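Only one structure is covered here, and it is reproduced in the block below.
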Amino acid sequence: MNDSNGRTLRLDPGILVALIVCGLAIWPFISRSSLPQATDAELHIFRAAELGRLLEAGESFPRWAPNFYYGFGYPIFNYYAPLSYYVALVPGLLLQFDVVDGVKLVFVLGSLLGGLGVYGYVSRIWGRMPALVATGAYAYAPFIVFVDPHARGDLAEAFSFAIFPLALWALDRLRCCPKAWNWLISVALIAALTLSHNLMALVFAVIIAGWSIWQELVSGVPPALPASSDLATRLAGRLLRLRLFLALIIGVGVAAFFWLTVFLERNAVDLGSLIGDGGNFDYRNHFLSLEELLSPPTLLDWAATEPDFVLGLGTVQWILAALGVGLLAAGRAPGRKQAAFFAILAGILLFLMSPASRFVWDFLPFLPFLQFPWRLLGPQAFALAALSGVATAGLMRSMSYPLARWIPASLVGLIMLSSLPLSQVPPWPADFGPTTAVRVLEEELAGRWLGTTSTSDFVPSTVDAIPKPEQALLADFFAGRPLDRVNRVTLPEGAVVRSEEITPLHFRYDVKSETSFLLRLFLFDFPGWVVRVDGVAVEAELGRPEGFIVIPLEEGHHFVEVMFVDTDARGLAKIVSTFFAILAMVIAFWLWTSRAILTATSDRSPPVCRGGAAELLIVSAVAIMTFGANVLLLEPKGWIRLESADLTAIPAQNDHYAELGEQIALIGYDAPSTGASGSTVPFTAYWQALRPPEANYQVFVHLLDNRGQVVAQSDALNPGDFPTKRWPTDRYVRDEHDVILPGDLPAGEYQWSIGLWSAGEGRRLPVVDSAGLVLGDSVYLPGQLTIE
């Protein structure tokens, strides 16, 4: 291992301590079998499993998932960042892990690598001990430790939050030491970051570009070659001066085989569903108030299907960051030039997550695709972690040594203790179940999602109407046969078609017919599908409204081949990637042979903050004791979590019991007592299934005047965005609504009512008493809303 000047070093023992600090963050994953089935994690598992099947069939980078969407196929891999899926499949190749354990390992690696990246970056500038505090601040930031991996189960995004700190660490080493190895690692990590998550890759690219500009203009990028009058040396020196920008550009270029294809073929799919107008994906519904950002974590209720949680910054994290900013403003912050960048970054991100930034989101056309402004809590966690390192270094430098040595351990302990409520993750089933194509089909038939997406993301633009499942394909799925995608009902009399699957993306049909006809396939048309009849490429037709491939055939005997190949856009993208990969290697070879040296160094950490064996042991002991207390005492005793029981919801502000159709019970609700006309008021219902519901019911929330007339309402397709047929009987469902009050609503008292109804049957679920007698079709709540 080399330091910033290229000298050989022993392995930094602080790395091991950083891993120990991260131990509590990964405990829920390593202490339990399987993974949750009620978060996006299951979708990522099914995608990884589908990719694994394609890799086994010889498809090295497939862009089409043939078994998704009832077997009609789906271009999910052409548009969704693939890195985390490939990483999840590596353990299966090397250690015989199944795909569920592979996905779990990616979550675990994400936590550990992210912590190491923060440690590496902060330790060089502010020292080893502040870096350990920064590691804890990042690893236990609420969004990093709980929201993304557990509440959302977003594998790709969570993994991007691991790669970003590593990439910034590598770039900082490249800034101070332009060696071939540092160059290659930086380029590789930038490419990995680009392939980790579509949306966050854009955010991180902007941040890294801003960081690089800051280094050039404010902090300074050390020259890499001595001054010389030689023209070649001067040109090389100028080139190396731009090494951060070159690494960013070339790293992104290496990943062009993916992102450039997405850009060039963006019109081949429907991207409109990624931006909701008034729905869950509408960014206007997801800004965060300062109160929420600064709030401490709440206790999680294990009896909830989706426990309530706060999208906060982390209490200790924002306090330390504020202290770091205060030291910076007072001119007492170590590494001021570096600290200033993260203070500015934290301020920008804080603004972009607040409602005050809506005009920016409205103006910039790409921002709405982020969908949730609170996604920026991920990069914000890194900014706050860096500022926590600044605060720690400042505190240590201002105190005498005997006292200063205890500062890092105390802060790490406070950070871990403050995050303990988020370490009490609700349990999940010990067996995830099969990850086969049949399992995916069963989930699609249950109405949970299609193609592992819930909003028709990336459906080919030629599909005017999503077709219903085809019984012939379903029979093949359940019989374990290769899918025969021929629409045999439309074959002319006497026609014979034999179907053969060469690979999952290559089909052959032996066709005999006495008349000309259209061979219709149950296969979505999409750029890349090519058709050859008797070895000659032919232009397929489009079957409307389903968007299926239709092949015109003359009478006689024909051999038809249908295969998925690269388009010109994908070929161009691969050429661009190859060019940048070769360029990266050429520059690495030049750096290796030119023996470029630095003429200046900067940003050395204060001696008092570097720490020794004693300080490292103290931090390790605090981390281990906190971990042990949680595992041996707090989690078994359940002291820092909630466990509602007996048809109650502890978090509910109001208990209220009402049975609907003897299937579902309303067990409580939250509602404000006052409001103002023209405002939006929150309403939350707490439901629990008494027995498996017979259908997927819709929910309505009404606000009634004194005549019983509806003056405001909120409706949802699924209560709590959770189809009722999937509700367990041992957990309750939180159902949040935002009710918009009319601007001309008169002052007075108003009553809430709520109920469930079936859109298919056009009827409401009746409200019944304990004897089963019908009381009505709405639950009238006792709470009043006063409009002043």
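With the sequence shown counted from 1, adding 195 to any position gets you the numbering used here. Built from N, CA and C at the ideal position, the CB exists for glycine as well. All values reported here derive from a predicted model rather than from experimental measurement.
A check of alpha carbon separations from Ile819 across Pro231, Leu437, Leu612 identifies Leu612 as the nearest. Straight-line measurement puts the Cα of Gln883 at about 38 Å from the Cα of Leu544. The beta carbon of Val745 sits closer than 8 Å to those of Leu713, Leu714, Arg715, Leu716, Ala735, Glu736, Leu737, Gly738, all from its chain and outside the five residues before and after it, given in chain order. The stretch 755-766 makes contact with the stretch 687-705; the number of CB pairs closer than 8 Å reaches 3 or more. Taking a C-beta distance under 8 Å as the contact criterion, Ile445 and Val382 qualify as a contact pair.
In the DSSP annotation of this structure, the continuous segment of the alpha helix (DSSP H) that includes Pro574 starts and ends at 572-593. In terms of Cα proximity to Phe561, the closest of Val398, Arg959, Val684, Arg634 is Val398. In the three-state reduction of the DSSP assignment, Pro655 falls in the strand class.
Just measuring C-alpha positions, the residue of Tyr864, Val760, Val282 sitting nearest His932 is Tyr864. Residue nearest to Leu829 within the set Tyr275, Ser708, Leu617 is Leu617 (criterion: CA-CA distance). For Val934, the beta-bridge partners assigned by DSSP are Val876. Minimum Cα-Cα distance from Asp659 among the listed residues Asp720, Asp679, Glu688 corresponds to Asp720. Contact check for Leu366 against Leu412 fails: the beta carbons are separated by 8 Å or more.
Per DSSP, reduced to three states, the secondary structure at Arg703 is strand.
The beta-carbon separation of Ala260 and Ile271, rounded to 5 Å, stays under the 8 Å limit for a contact.
A direct Cα-to-Cα measurement between Gln575 and Leu485 gives close to 14 Å.
Val760 is positioned such that its CB atom lies closer than 8 Å to that of Gly723.
As for any beta strand (DSSP E) of minimum length 3 sitting wholly inside the stretch 931-975, the runs are 943-953, 969-971, ordered along the chain. When the beta-carbon positions are compared, Leu615 and Leu837 stay at least 8 Å from each other.
At least 8 Å separates the beta-carbon of Val216 from that of Ala353. Straight through space, the alpha carbons of Tyr881 and Arg921 are spaced by roughly 16 Å.
Within 10 angstroms of the beta-carbon of Trp406 lie 16 or more other beta-carbons, which makes it buried. Taking all protein chains in view, the Cβ of Phe672 is crowded by 16 or more other Cβ atoms within 10 Å, so the residue is classified as buried. Its chain contains Phe224, Leu230 as the residues whose beta carbon lies nearer than 6 Å to that of Lys299, once the 5 sequence neighbours on both sides are disregarded; these appear in chain order.
Going by DSSP, Pro360 is part of the alpha helix (DSSP H) stretching over 350-371.
Positions of the beta strand (DSSP E) runs, each at least 3 residues long and wholly inside the stretch 493-579, cannot be given because no such run exists. Under the DSSP assignment, Arg438 falls in the alpha helix (DSSP H) whose first and last residues are 438-449.
In the DSSP assignment, Ser909 falls within the unbroken beta strand (DSSP E) covering 905-911. Gly348 and Pro502 have their C-alpha atoms spaced approximately 14 Å apart. Of the residues Val585, Ile982, Ser965, Ala586, the one whose Cα lies closest to the Cα of Leu898 is Ile982. The beta carbon of Arg258 lies closer than 8 Å to those of Pro270, Phe272, Asn273, Thr456, Gly723, Phe759, Arg765 in the same chain, with the five residues before and after it left out.
The residues Asn377, in chain order, have a CB closer than 6 Å to that of Arg368 in the same chain once the five nearest residues on each side in sequence are set aside.
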